[in-house]
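Asker:
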Amino acid sequence: MKVLLLSSEVADIVKSGGLADVAKALPLELQARGHDVKIVLPCYSIIKGWQDLPIIAEGVLNKSHSDVKLHIPYKVRKAILNSKVEVLLIDCPQYFDRTSMYGDNNEAYGDNGYRYAFFSAAAIETAKIIGFQFDILHCNDWHTGLAPMLLRIKYANDPFFEKSRSVITIHNGAFQGVFDRSQISYLPEISGIYNDKVSQGSFINFLKCGVFYADKINTVSPGYAKELTSYIGGHGMTQNFIDRQMDLSGIINGCDYSDWDPATDQLLRIRYDVNTLDQKILGKYLLQRKLGFEMGDTPMYGMVARLTDQKGIGLLIPILDRFLQHKVQVVIEGTGDPALQKQMEEIANRHPGKMVFKSVYDNMLAHQIEAAADFFLMPSIFEPCGLNQIYSLAYGTLPIVRAVGGLQDTVVDYDTDRENGTGFIFKDPNSEELLSCLRRTLILYLENNAEMKRIKQNAMKVRFNWSDSCVQYEALYKSALQKPKW
Numbered sequence: 007m008k009v010l011l012l013s014s015e016v017a018d019i020v021k022s023g024g025l026a027d028v029a030k031a032l033p034l035e036l037q038a039r040g041h042d043v044k045i046v047l048p049c050y051s052i053i054k055g056w057q058d059l060p061i062i063a064e065g066v067l068n069k070s071h072s073d074v075k076l077h078i079p080y081k082v083r084k085a086i087l088n089s090k091v092e093v094l095l096i097d098c099p100q101y102f103d104r105t106s107m108y109g110d111n112n113e114a115y116g117d118n119g120y121r122y123a124f125f126s127a128a129a130i131e132t133a134k135i136i137g138f139q140f141d142i143l144h145c146n147d148w149h150t151g152l153a154p155m156l157l158r159i160k161y162a163n164d165p166f167f168e169k170s171r172s173v174i175t176i177h178n179g180a181f182q183g184v185f186d187r188s189q190i191s192y193l194p195e196i197s198g199i200y201n202d203k204v205s206q207g208s209f210i211n212f213l214k215c216g217v218f219y220a221d222k223i224n225t226v227s228p229g230y231a232k233e234l235t236s237y238i239g240g241h242g243m244t245q246n247f248i249d250r251q252m253d254l255s256g257i258i259n260g261c262d263y264s265d266w267d268p269a270t271d272q273l274l275r276i277r278y279d280v281n282t283l284d285q286k287i288l289g290k291y292l293l294q295r296k297l298g299f300e301m302g303d304t305p306m307y308g309m310v311a312r313l314t315d316q317k318g319i320g321l322l323i324p325i326l327d328r329f330l331q332h333k334v335q336v337v338i339e340g341t342g343d344p345a346l347q348k349q350m351e352e353i354a355n356r357h358p359g360k361m362v363f364k365s366v367y368d369n370m371l372a373h374q375i376e377a378a379a380d381f382f383l384m385p386s387i388f389e390p391c392g393l394n395q396i397y398s399l400a401y402g403t404l405p406i407v408r409a410v411g412g413l414q415d416t417v418v419d420y421d422t423d424r425e426n427g428t429g430f431i432f433k434d435p436n437s438e439e440l441l442s443c444l445r446r447t448l449i450l451y452l453e454n455n456a457e458m459k460r461i462k463q464n465a466m467k468v469r470f471n472w473s474d475s476c477v478q479y480e481a482l483y484k485s486a487l488q489k490p491k492w
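Heads up: the sequence shown begins at 7 in our numbering, then just goes up one per residue.
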């Protein structure tokens, strides 16, 4: 199959979150399985060396509609991802010459609707300019939500796209791209469409557009797909997902074990595998010394996360002081909400020698935390898939998670299934239940060292390979191609 994958970020080129990891790993795996894949990405000025990338095409978005006259030229630059997959970068300084991808100082750019409407339109037009007659247009999140709509409406009678079908993957349904309709006024083919399937009041909802017009919809775990059709978990779009329930599925993200494997991790001084798990404690000693903790076999709890309500920070903060009364060490790395960051700093200051908070994202430290900690905290309010719990399993660092989305799809609760347990799950979004779960893990650690080792070995044997996920994506693409043309 020929696949054109649209994403607002791609790991190894530009990244802010898990979307970028998927947009790198899935195309590489598809290409390895014999498919012809091209990625389309905005040419942000923050991408290192973008000026040196060759220009392979030029285009222009030229519209005259009502009193709107628009002439936006752009260039298409080419990069090669991992020497294997072609990446087409849409170079338009008007929209992408910014200091970051989405916004500054925790505030989104006011013209993000213009920017990503343009990106969707330019991406499809670029495929036509270069003669790439794709079978599947694979869109990701709200940033590309208008692309399936344009394919169905603007290009409905274009023979070049006669056999093309679209898929949209939802990595986080809480972010939907809601904008004043003036921000799509230069796309006259779609700007006048008003109905509850694409609108939010008088505004346009980019994610709704993608969900309504894509041939198939998937998200990044079966659990999250189910939650999207519930009135608690649908992020205000429950009816939209129910309407498309027959075309909605969930595929768990794979893990790039070339980056996240304690046996080969180049960011670690002490490496180990399931058969040399006893070496893991040496990594703990190194991190304890680095962070100023007392060195020894003290139970260590790690967390690497964005400081947002979604990640369950609001559940953790109220009980941290009480948990830190026990003989434990807690290390948390993350940035985000300034108010949550300040509270974390205050708690750490009250418990010197027991808690360290680092308000940064340091990739080396993240790997060291995964390798050194005994437990990893992910008390998320919702979690479409999650990657850190998958990394933690690989490192024999037992995840403590809430029973939501991809967390409950990837972690086996020890208290429910002692033989196969790989971590610990609590259900209600309640601080006291989280504290109870933390204390259960502490008791197990202190009372049964052999059982702790066995559970860690269980965890390390689990694998979520992109090769397995890719087979499911192939089936999804084939089912989309079987859909009749609208």
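Just so you know, even glycine gets a beta-carbon here, dropped at the ideal spot from N, CA and C.
Does Val336 pass the burial test, meaning 16 or more other C-beta atoms within 10 Å, or should it be called exposed?
Answerer: That one is buried.
Asker: Helix, strand or coil: how does DSSP classify Tyr80 here?
Answerer: Looking at Tyr80 - three-state DSSP - the assignment turns out to be strand.
Asker: With a threshold of 16 other CB atoms inside 10 Å of the CB of Lys169, please say whether the residue is buried or exposed.
Answerer: The residue is exposed, with fewer than 16 neighbouring Cβ atoms inside 10 Å.
Asker: Quick one: what's got a C-beta closer than 6 Å to Ala377's C-beta in the same chain, skipping five residues either side?
Answerer: These residues qualify, in order along the chain: Pro268, Leu274, Gly289, Tyr401.
Asker: Using the beta-carbon count (16 or more within 10 Å), is Met252 buried or exposed?
Answerer: Counting Cβ neighbours within 10 Å, Met252 comes out exposed, since fewer than 16 surround it.
Asker: Buried or exposed for Ala372, please, with buried defined as at least 16 other CB atoms from any protein chain shown within 10 angstroms of its CB.
Answerer: Answer is buried; the Cβ neighbour count reaches 16.
Asker: Between the C-alpha atoms of Arg277 and His177, what's the straight-line distance to the nearest angstrom?
Answerer: Cα to Cα, Arg277 sits roughly 32 Å from His177.
Asker: Using beta-carbon positions only, say whether Ile387 and Pro435 come within less than 7 Å of one another.
Answerer: A contact, by the Cβ cut-off of 7 Å.
Asker: Return yes when the Cβ of Phe381 is within less than 7 Å of the Cβ of Tyr307, no when it is not.
Answerer: Closer than 7 Å, so yes.
Asker: Which of the three DSSP states, helix, strand or coil, is assigned to Ile223?
Answerer: Here Ile223 sits in strand by DSSP.
Asker: Measure the C-alpha to C-alpha separation of Leu254 and Ser236 and round it to an integer number of angstroms.
Answerer: Looking at the two C-alpha atoms, the distance is approximately 13 Å.
Asker: Is it buried or exposed for Arg408, if we count other Cβ within 10 angstroms and need 16 for buried?
Answerer: Buried, because 16 or more other Cβ atoms sit within 10 Å of the Cβ of Arg408.
Asker: Does the segment 126-137 come close enough to the segment 455-469 that 3 or more CB-CB pairs lie under 8 Å?
Answerer: Result no; under three Cβ-Cβ pairs closer than 8 Å.
Asker: Taking the straight line between their C-alpha atoms, what separation do you get for Cys391 and Ile257?
Answerer: Spanning the two alpha carbons is a distance of roughly 9 Å.
Asker: Can you tell me the Cβ-Cβ gap for Val46 and Leu12, rounded? I've got them flagged as a contact below 8 Å.
Answerer: Sure, about 5 Å apart at Cβ, within 8 Å.
Asker: Would you give the residue range spanned by the beta strand (DSSP E) that Glu352 belongs to?
Answerer: First-last for Glu352: 344-356, but that is the alpha helix (DSSP H), not the beta strand (DSSP E).
Asker: Output the distance between the C-alpha atoms of Thr403 and Val280, rounded to the nearest integer angstrom.
Answerer: Roughly 12 Å separates the two Cα atoms.
Asker: Leaving out five residues on either side along the sequence, give the residues of the same chain with a beta carbon under 6 Å from the beta carbon of Ala29.
Answerer: The answer, listed in chain order, is Ser13, Val16.
Asker: What separation, rounded to the nearest whole angstrom, lies between the Cα atoms of Lys348 and Leu25?
Answerer: So the alpha carbons of these two residues sit roughly 28 Å apart.
Asker: Quick check on this structure: which residue in Asp97, Ala31, Arg39, Leu36 has the alpha carbon closest to the alpha carbon of Pro60?
Answerer: It is Asp97.
Asker: Under the DSSP definition of a beta bridge, which residues are partnered with Glu113?
Answerer: Partner(s): Asp110.
Asker: Taking the alpha-carbon positions, what's the Leu393 to Ser205 distance?
Answerer: Approximately 32 Å, taken between the alpha carbons.
Asker: Answer yes or no: do Tyr219 and Pro165 have a C-beta to C-beta separation smaller than 7 Å?
Answerer: In this structure, Pro165 does not lie closer than 7 Å to Tyr219 by Cβ.
Asker: Three-state secondary structure (DSSP) at Cys391?
Answerer: Here Cys391 sits in coil by DSSP.
Asker: Which residue or residues does DSSP assign as beta-bridge partners of Ser172?
Answerer: Leu143, per the DSSP bridge assignment.
Asker: For Ser365, which residues from the same chain have a beta carbon less than 6 Å from its beta carbon, with the 5 sequence-adjacent residues on both sides left out?
Answerer: The residues are Thr341, Gln347.
Asker: Is it right to say Trp148 is buried, meaning 16 or more other beta carbons lie within 10 angstroms of its own, or is it exposed?
Answerer: Trp148 is buried by the Cβ-count criterion.
Asker: In whole angstroms, what separates the C-alpha of Lys113 from that of Gly320?
Answerer: Looking at the sequence provided, one finds Glu at residue 113 rather than Lys. The alpha-carbon atoms of Glu113 and Gly320 are separated by roughly 21 Å.
Asker: Tell me which residue opens and which closes the alpha helix (DSSP H) that Glu438 is part of.
Answerer: Glu438 -> alpha helix (DSSP H) spans 437-453.
Asker: Considering only the beta carbon of each residue, do Phe209 and Gly183 sit closer than 7 Å?
Answerer: Cβ distance not < 7 Å, so Phe209 and Gly183 don't count as in contact.
Asker: Is Asn259 near Val217, with beta carbons less than 7 Å apart?
Answerer: Going by C-beta atoms, Asn259 is not nearer than 7 Å to Val217.
Asker: Report yes if the CB atom of Asp497 is closer than 7 Å to the CB atom of Lys8, and no otherwise.
Answerer: Past the boundaries of the shown model lies residue 497; the chain is included only from 7 to 492, so the question cannot be answered.
Asker: Spell out the partners DSSP gives Asn211 in its beta bridges.
Answerer: In the DSSP output, where bridge partners are listed per residue, Asn211 has Val184.
Asker: Does the distance from the C-beta atom of His77 to that of Asn68 stay below 7 Å?
Answerer: Yes, the pair counts as a contact, with Cβ atoms nearer than the cut-off.
Asker: On the DSSP bridge assignment, give the partners of Arg408 in chain order.
Answerer: Looking at the DSSP assignment, Arg408 forms a beta bridge with Phe432.
Asker: Do Arg250 and Lys287 count as a contact pair if the criterion is CB distance below 7 Å?
Answerer: Note that residue 287 is Ile in the sequence shown here, rather than Lys. No, the pair does not count as a contact, with Cβ atoms beyond the cut-off.
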